[in-house]
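A.B. asks: Mind looking over this structure? Questions follow.
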Amino acid sequence: MATKSFDDIFMNLATDLALKSHCVKAQVGAVLTKDTRIISIGYNGPPAGTHNCDEQWPVDGCPRDSRNSCSLALHAEENAILYAVKNGTQINGATLYCTLSPCIACARLILTSGIKKVFYKNSYAQYKGLPSDEGVDFLIRFGVNCTLL
8 MATKSFDDIF MNLATDLALK SHCVKAQVGA VLTKDTRIIS IGYNGPPAGT HNCDEQWPVD
68 GCPRDSRNSC SLALHAEENA ILYAVKNGTQ INGATLYCTL SPCIACARLI LTSGIKKVFY
128 KNSYAQYKGL PSDEGVDFLI RFGVNCTLL
């Protein structure tokens with residue numbers, strides 16, 4: 008009997024984690040791993056202790072910023088990375104699985120934190136109506152392996 012690959016298992020977990028998001032626009036999940044071990048998880052949403060968008064603004068979501076993005080939310084990748092760092096977890100050389108490819112801001116955070124591989128399920132550019140996945144392009148340009156899974 009064939010077993011599932013770790014890549015499939017971690018992406019399935021990221022997909023399940025996305026369901027925890029309180030965002031009314033998009034639910035995104037992320038799993039940060041190292042040496043086939045989960046070191047952190049995250050999903051998109053506002054910082055702890057603020058408002059859950061689906062409760063405070065159930066119809067339209069939270070107020071939008073100047074780029075028409077959520078004004079409160081942290082992205083799933085940010086939450087996974089920040090939680091790991093907050094708890095002293097070493098993430099240099101880690102692999103990130105996310106249900107949406109990283110935006111350019113998250114790509115800068117991913118590169119700076121030393122993550123070496125990113126697997127993603129869906130295109131951020133397609134979701135936002137952008138001409139290209141600039142976050143993925145940025146990561147590849149600087150040596151981070153990015154794979155659509």
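Residue numbers (the numbering used here): 8 to 156.
For glycine and all other residues, C-beta sits at the position ideal for the given N, C-alpha and C.
#1: Here's a check: name, in chain order, each residue in its chain whose Cβ is nearer than 7 Å to the Cβ of Ile46, leaving out the five neighbours to either side.
#2: How is the alpha helix (DSSP H) around Arg148 delimited, first residue to last?
#3: From what residue to what residue does the beta strand (DSSP E) around Val125 run?
#4: Could you please give the first and the last residue of the uninterrupted alpha helix (DSSP H) stretch that includes Arg115?
#5: Count the other CB atoms, across all protein chains shown, that sit within 10 Å of the CB of Ala80; report buried if there are 16 or more and exposed otherwise.
#6: With DSSP collapsed to three states, give me the class of Asn59.
#7: Report yes or no: do the region 106-124 and the region 52-65 share at least 3 C-beta pairs separated by less than 8 Å?
#8: Go through its chain and collect everything with a Cβ distance to Thr154's Cβ below 6 Å, but skip five positions before and after it.
#9: Between the alpha carbons of Ile111 and Gly142, how many angstroms are there, rounded?
C.D. replies: Taking the geometry as given:
#1: Same-chain partners within the cutoff: Leu39, Thr40, Ala91, Thr96, Ile98 and Ala101.
#2: The continuous alpha helix (DSSP H) containing Arg148 extends over residues Glu141 to Arg148.
#3: Unbroken beta strand (DSSP E) run through Val125: Lys124 to Asn129.
#4: Taken as a continuous stretch (DSSP letters only), the alpha helix (DSSP H) holding Arg115 covers Ile111 to Ser120.
#5: With 16 or more Cβ atoms within 10 Å of its Cβ, Ala80 is classed as buried.
#6: DSSP, reduced to helix, strand and coil, places Asn59 outside both helices and strands of the structure shown, so it counts as coil.
#7: Touching, no.
#8: The beta carbon of Thr154 lies closer than 6 Å to those of Phe126 in the same chain, with the five residues before and after it left out.
#9: Answer to the nearest angstrom: the Cα atoms are 4 Å apart.
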